[in-house]
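Participant:
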Amino acid sequence: MIQSMTGFGKSVTQIPAKKITVELKSLNSKNFDLNARIPSQYREKELELRNIISDSLGRGKVDLSIYVESTAEQTSTNVNTEAVKIYMDQLRKIVDTSEIELLKMAVKMPDALKTEREEIDEEEFIVIETAVKDALKEINKFRTDEGEALEKDLQLRINNIKSLLDDVIRIDPDRVEAVRERLRKGIEEIKEQADENRFEQEIVYYIEKFDITEEKVRLDNHLDYFQKTLDSSDSNGRKLAFISQEIGREINTIGSKSNYAPMQQMVVQMKDELEKIKEQILNVL
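Counting in our numbering, the sequence shown runs from 3 upward without gaps.
Okay, structure coming up:
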């Protein structure tokens, strides 16, 4: 079962006097890349949270947001009364205005408000850590659901390529006969009597040169391997990407050797399906 790297998870926890909200968003990325927005007093715990998230999500560009909202009638920010008074006295000497206007200007000055530095509350952090794990459950469920949709699309594309490969195998005898006929017509146009033995030698040469038996077998094997990887218990986007490269190599070789318009049209269709596969794989964990 594959997983998508795209996901969203959210957890909201209410504790006495505070509401804690954790949000996790993830997008595709070659590696694990975390952007964390957390309260300043818990900044030193970022590495601990990073390890928890990395172990759970593996890869992806991840945004972590933690909001701690006070629901009690208290705040850690207070008016610095002495500083405001000093500012008002100084402003009064240079500005002729009312006391209310002086107050409005004074509270905008540096140090007019003072915030008491909050220390880490270990019990509160345990709640935050639990909320992060709950959000991880949500985002992993989201990723799994997205992975199911991705898997269905990838299976469809692989089956389409398999069907086109069957068509290639079916028309291959016609292709060989077309090569034989082109050579015969070429000889007739120059009005030369062809040596039948030499003619057959030339046919054998061209058939060997444009033979695609090995490519057909390898392509079929790669397609089977891709499907087995899709069905495996682990989600491995990197492995699927490597197999898709091998599929592309065989398709390209068949195209270059085909020398037959109907087969080349099928190759173009296979390439189109493969490009869609590669685009989807970019989002597979």
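Glycine residues also receive a C-beta, built at the ideal position from the N, C-alpha and C atoms.
What residue ranges within the segment 203 to 233 form continuous alpha helix (DSSP H) runs of no fewer than 4 residues, ordered along the chain?
Facilitator: The segment 203 to 233 contains these whole alpha helix (DSSP H) runs: 215 to 233.
Participant: How is Ala108 classed by DSSP in three states: helix, strand or coil?
Facilitator: Helix.
Participant: I need the straight-line Cα distance from Glu148 to Ile22, nearest angstrom please.
Facilitator: Roughly 27 angstroms between the two C-alpha positions.
Participant: What does a CB cutoff of less than 6 angstroms around Arg145 pick up in its chain, not counting 5 residues either side in sequence?
Facilitator: Taken in chain order, the residues that qualify are Gln5, Ser6 and Gly9.
Participant: The beta strand (DSSP E) that contains Ile22, what's its start and end?
Facilitator: That run of the beta strand (DSSP E) goes Lys20 to Leu29.
Participant: Quick check on Ser13: buried or exposed, where buried means 16 or more other Cβ atoms within 10 Å of its Cβ?
Facilitator: The residue in question, Ser13, is buried, as its Cβ has 16 or more Cβ neighbours within 10 Å.
Participant: Assign Val64 to one of two classes, buried (16 or more other C-beta atoms within 10 Å of its C-beta) or exposed (fewer than that).
Facilitator: That one is buried.
Participant: When DSSP labels each residue in this structure, what does Gln16 get in the three-state scheme?
Facilitator: Residue state, collapsed to three classes: strand.
Participant: Per DSSP, what kind of secondary structure is Leu115 in: helix, strand or coil?
Facilitator: Leu115 falls in the strand class under three-state DSSP.
Participant: What does a CB cutoff of less than 6 angstroms around Lys164 pick up in its chain, not counting 5 residues either side in sequence?
Facilitator: These residues qualify, in order along the chain: Leu225.
Participant: Could you compute how far the alpha carbon of Ser260 sits from the alpha carbon of Val24?
Facilitator: If I take the Cα positions, the gap works out to 57 angstroms.
Participant: Please report the straight-line C-alpha distance between Asp123 and Met3, rounded to a whole angstrom.
Facilitator: Asp123 and Met3: Cα-Cα distance of roughly 40 angstroms.
Participant: According to DSSP, which residues form a beta bridge with Tyr69?
Facilitator: Paired residues: Thr23.
Participant: Look at Phe34 and Leu51 and say whether their C-beta atoms are less than 8 angstroms apart.
Facilitator: Contact flag unset, no.
Participant: Using a Cβ-Cβ cutoff of less than 7 angstroms, which residues in the same chain neighbour Gln266 once the five nearest sequence positions on both sides are dropped?
Facilitator: Result list for Gln266: Gly257 and Ser260, in chain order.
Participant: From Arg186, Ile283, Ala180 and Arg240, pick the residue whose C-alpha is nearest to that of Ala263; which is it?
Facilitator: Nearest of Arg186, Ile283, Ala180 and Arg240 to Ala263, Cα basis: Ala180.
Participant: Please name the residue or residues paired with Ala38 in a DSSP beta bridge.
Facilitator: For Ala38, which the question treats as bridged, DSSP gives the partners Leu66.
Participant: Considering only the beta carbon of each residue, do Leu26 and Ala133 sit closer than 8 angstroms?
Facilitator: It is not a contact, given that the beta carbons lie outside the stated cut-off.
Participant: Count the other C-beta atoms from every protein chain shown that fall within 10 angstroms of the C-beta of Gln203, then say buried if there are 16 or more, exposed otherwise.
Facilitator: So Gln203 counts as exposed.
Participant: Out of Asp176, Glu216 and Glu131, state which residue places its alpha-carbon closest to the alpha-carbon of Ile54.
Facilitator: The residue with the shortest Cα to Cα distance from Ile54 is Glu131.
Participant: Counting C-beta neighbours from all protein chains within 10 Å, is the total for Ala19 16 or more, i.e. buried, or is it exposed?
Facilitator: The residue is exposed, with fewer than 16 neighbouring Cβ atoms inside 10 Å.
Participant: Quick check on the DSSP output: the alpha helix (DSSP H) that includes Gly250 runs from which residue to which?
Facilitator: First-last of the alpha helix (DSSP H) with Gly250: Gly239 to Ser260.
Participant: In this structure, does DSSP put Arg81 in helix, strand or coil?
Facilitator: According to the sequence provided, residue 81 is Val. The question's Arg does not apply to it. Strand.
Participant: Could you give the DSSP three-state label for Gly60: helix, strand or coil?
Facilitator: Correct three-state label for Gly60: coil.
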